[in-house]
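Peer 1: Following this message is one structure expressed as structure tokens.
In my numbering, the protein residues as written are 610 to 802.
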């Protein structure tokens, strides 16, 4: 009598369907592999284009450095050395004299009381700190005094001098109070290197 024994355990549900799902999963993996293989040439072309552009930029940068070195060698020649020194001196002076008219106007108008307006702004002196001349018009002497106090207290202005003052007239035809003054503008300057 022959007895056959099967010592292997019974197949689980997962083992039974593993073979069924292996074929579609393998097919999807093959599709992804083909897609990757087809996209590689395009990616390689993009990489080469980026590498070539970087090499061109490096070459251009090298050419610019060579030109700059050639210009520096030219400027170091004895016949140009004095000119270079004068240009640097003049550029330094120009840097020290920079003055922003918009910034100056903003600073002056920030000092004006509500009933006072700026009627004139002039820069007649170019030596030293800029001397500015201001024409101011307001409704009362008190407003003018407030403006002059603000101007004198401001760190941007020095040496405030009243040059001319028109007094308030009483009556229906009263003219506004006017002041012409000057001050040295010391704020907003850009100093050379």
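Backbone N, C-alpha and C define an ideal beta-carbon position, used for all residues, glycine too.
As the structure is a prediction and not an experimental result, all values here were calculated from the model.
1) Going by alpha carbons, who is nearest to residue 717 out of 758, 662 and 613?
2) Among 617, 774 and 746, which residue has its Cα nearest to the Cα of residue 729?
3) Sorry if obvious, but does the Cβ on residue 791 come closer than 7 Å to a heavy atom of the ligand GTP?
4) With 16 other CB atoms within 10 Å as the buried threshold, where does residue 792 fall?
5) For residue 752, count the other beta carbons within 10 Å of its own beta carbon; 16 or more makes it buried, fewer makes it exposed. Which is it?
6) Near residue 796, what residues of its chain come up, given a Cβ to Cβ distance below 7 Å and the 5 sequence neighbours on each side ignored?
7) Buried or exposed, going by whether 16 or more other CB atoms sit within 10 Å of the CB of residue 806?
Peer 2: Taking the structure as given:
1) Taking each of 758, 662 and 613 in turn and checking the Cα distance to residue 717, the smallest one comes out for 758.
2) 746
3) Of ligands this structure carries none, so the ligand GTP is not represented either.
4) buried
5) buried
6) 716, 764 and 765
7) As displayed, the chain neither begins before 610 nor continues past 802, which places residue 806 out of reach and without an answer.
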